[in-house]
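Asks: Residue numbers (our numbering): 45 to 154. The beta-carbon is built from N, C-alpha and C at its ideal position, and this holds for glycine as well. Just so we're clear, the structure is a prediction, and the values are computed from it rather than from any experiment. Next up is a structure, given as structure tokens.
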Amino acid sequence: LLELLSAEPAAVGNHLRMLFEGVSSVKVNAHNRLTAMVSEEGEMVPFAEPVKVEGSVEEYLSLLVATMQTAISDIAREQAETIVPKGELSLVLDSHLPSQVAVLMLQLLT
Numbered sequence: 045l046l047e048l049l050s051a052e053p054a055a056v057g058n059h060l061r062m063l064f065e066g067v068s069s070v071k072v073n074a075h076n077r078l079t080a081m082v083s084e085e086g087e088m089v090p091f092a093e094p095v096k097v098e099g100s101v102e103e104y105l106s107l108l109v110a111t112m113q114t115a116i117s118d119i120a121r122e123q124a125e126t127i128v129p130k131g132e133l134s135l136v137l138d139s140h141l142p143s144q145v146a147v148l149m150l151q152l153l154t
């Protein structure tokens, strides 16, 4: 818990597994900003805007949650516009989509 309070990006990354199901780490850029979330399986979902780890824990974790939700939402929206109109399951099964988005696309198609 003290590491989370330190607002060090590496320290935050070490505890994400306990805070968010399916997220094992984050990518940190040269400016100490969080740029993507990574699952235990190695799936990487980039963020549209890097997340600054500064201020209170509640502030930057709230921003991280909103950024994670936006990233998944953006990918799902983009894929829904291209995959769903074609109605082909193979497009989902052969893709390299994050699992959460692939399951959503399969639900929309069936």
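When the distance is taken between beta carbons, is Ile-127 closer than 8 Å to Val-89?
Replies: Here residue 89 is taken as the residue at index 45 of the sequence shown, counted from 1. Here residue 127 is taken as the residue at index 83 of the sequence shown, counted from 1. Cβ distance not < 8 Å, so Val-89 and Ile-127 don't count as in contact.
Asks: Less than 8 Å between the C-beta atoms of Ser-143 and Glu-65, yes or no?
Replies: As a first step, residue 143 must be located in the sequence shown, where it is residue number 99. As a first step, residue 65 must be located in the sequence shown, where it is residue number 21. Contact flag unset, no.
Asks: Taking buried to mean at least 16 other C-beta atoms within 10 Å of its own C-beta, is Gln-151 buried or exposed?
Replies: The count along the sequence shown starts at 1 and reaches residue 151 at position 107. That one is exposed.
Asks: Let me check understanding here. Comparing Cα to Cα, which of Leu-153, Glu-132, Thr-79, Thr-154 lies closest to Thr-114?
Replies: As a first step, residue 114 is located in the sequence shown; it is residue number 70 there, counting from the start. When only C-alpha atoms are compared, the closest one is Thr-79.
Asks: Kindly provide the ranges of any alpha helix (DSSP H) runs that are 4 or more residues long and lie completely inside the region 68–139, ordered along the chain.
Replies: Here the runs fully enclosed are 101–127, 133–137.
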